[in-house]
Structure formats: structure tokens, C-alpha cells
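So the sequence lines, in the order shown, correspond to chains A and B. Numbering-wise (my numbering), the first sequence opens with residue 1 and increments by one. Numbering-wise (my numbering), the second sequence opens with residue 1001 and increments by one. For each residue, glycine too, the CB sits at the ideal point set by N, CA and C. Predicted model only: the values in this text are computed from it and were never measured.
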Amino acid sequence: GAVVSQHPSWVICKSGTSVKIECRSLDFQATTMFWYRQFPKQSLMLMATSNEGSKATYEQGVEKDKFLINHASLTLSTLTVTSAHPEDSSFYICSANEGMVTEAFFGQGTRLTVV
Amino acid sequence: GQNIDQPTEMTATEGAIVQINCTYQTSGFNGLFWYQQHAGEAPTFLSYNVLDGLEEKGRFSSFLSRSKGYSYLLLKELQMKDSASYLCAVNGGDYKLSFGAGTTVTVRA
């Protein structure tokens, strides 16, 4: 199956700083990628849809100025958590679909801890 | 809105069979997925149903009834490594996935 690579796998940052997470489709082009957040013992919640060459679409309740998404190429989407706070500590996961294939391929996830 | 329900926890014995049910009410439907997720890891794909009926893949099978908004994942010949969280997810269109809260399956010796 298609491979989606996410980096970094984990990151610890100080409160008030910004953190960038990368999501790459390694062997296919993805015009659309998705960013999810998962708190402990909870399910994945869709944060936003990342669209190559255009603005991301955010789900209700997700602050677009806090979670900046850039999808500058067909193989890379980035999520930047700006002015991170401890409540932003979570597991962030991206996914992408290859062409018309319905199955979503997930990145490895990024464990963010804000101290 | 999207509403996807599945049990929180299930426990079974090694070698046994476990069935995880999922009911859904979504504004659109373009298929239902089951994913396995081990703690601290990303979900891995198990199965996909878009038409009614049973899909069998080795020890795992998944069933869908669109008219009832119902699916189940059947795990046979349980192994210790099957202890994980199992996520039911519905594609509501545009490839967006809505996930259930997940069912934690514990396999005991």
C-alpha cells in the first residue's frame, strides 16, 4: 500500500513556542491530506482538510490561526501548532488518499507534549 | 452530524472469537472502515465495506448493513497480539473519515 511518513514522531516543547509537524506521501501524490488529533483513550477527531495549492478547511471548533496548515506541494502538508500550551498536548496524525482509492493511509503520528 | 457508536471495552480468551459492533448515523455514506490501533501508534487498515454483506480477510471479517446503519468486525482465533483498540470509521464523502470512540479488546491467556 501507499506510504505516508510523518515527522517528528514525538516532540517536547515549551509553552508559548511553535511546533511544525510534517506529513509526506512517499510514493504517491496527494492533493488532499487530513489532520487528526487524538487525546488519550479517545478517538481520532478530524481537525482540518489540507488542500494542495489552496486554503485548508477547518472543522468546527478548530482555530485556524492556532493550527496553521500549509500544503505547498503534492507530497507535503505541514501543521504548525502556534503558541503551544499544555492543553495542546496530544497525538497528531495525518492521512492521505491515493487517487480515487478510498482507503486512507496514515502517518506514524506525532506525540506532542507541551511543558 | 455524525454519530458512530461502538462498545468501549471487550475481553476475550486466546483462541476465541470476538465480535465488535458498530452503529452509525451519518449525513453521507461512502463506505465503512475498521482500523486497528495499538497504544501510541497510528491506526492500521483492517477492512472496508461499501456494499451490504460480509468481507472476509483471514482471521478478520467485517459485515455491513446499510439499511440498518450497522457493521461488525469479527476476530477469530484470537491471539495475544490482537489486544488493541479497534476503530470503526465512516467515510461521509470527500474522503473525510468520522471515527467511533474505539473498542479496546483485551485478549487473555
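| Query | Result |
| --- | --- |
| Buried or exposed for Trp10 of chain A, please, with buried defined as at least 16 other CB atoms from any protein chain shown within 10 angstroms of its CB. | exposed |
| Considering only C-alpha positions, which residue in the set B:Thr1106, B:Gly1102, B:Lys1096 and B:Asn1091 is nearest to Asn1030 of chain B? | B:Asn1091 |
| In chain order, what residues of the same chain lie with their CB nearer than 6 Å to the CB of Ala56 of chain A, ignoring the 5 residues before and after it? | Ala48, Ser50 and Ile69 |
| What do you reckon, are the CB atoms on Tyr36 of chain A and Met45 of chain A nearer than 8 Å? | yes |
| Is the Cβ of Phe1060 of chain B closer than 8 Å to any Cβ of chain A? | no |
| Verify the CB distance criterion: does Gln29 of chain A have a CB-CB separation below 8 Å to chain B? | no |
| So is the beta-carbon of Leu1032 of chain B under 7 Å away from any non-hydrogen atom of the ligand NAD? | Because no ligand of any kind appears in the structure shown, any question about the ligand NAD cannot be addressed here. |
| Got a sec, what are the start and stop residues for the beta strand (DSSP E) Cys48 of chain A sits in? | The identity of residue 48 of chain A in the sequence shown is Ala, whereas the question assumes Cys. Unbroken beta strand (DSSP E) run through Ala48 of chain A: Met45 to Asn51. |
| Would the beta-carbon of Gln1025 of chain B fall within 8 Å of that of Asn1049 of chain B? | no |
| Between B:Leu1078, B:Ser1047 and B:Ser1067, which lies nearest to Gly1028 of chain B when the distance is taken from Cα to Cα? | B:Ser1067 |
| Check whether the stretch 1074-1081 of chain B and the stretch 89-109 of chain A touch, using three or more Cβ-Cβ pairs below 8 Å as the test. | no |
| Gln116 of chain A: buried (16+ other C-beta within 10 angstroms of its C-beta) or exposed? | Residue coverage of chain A in this structure runs from 1 to 115, which leaves residue 116 of chain A outside it and unanswerable. |
| Would you verify that the beta carbon of Lys1057 of chain B is, or is not, closer than 8 Å to some beta carbon of chain A? | no |
| At a CB distance below 8 Å, what residues from the stretch 1071-1084 of chain B approach chain A? Give them in sequence order. | none |
| Can you give me the C-alpha to C-alpha distance between Phe39 of chain A and Lys1057 of chain B, rounded to a whole angstrom? | 30 Å |
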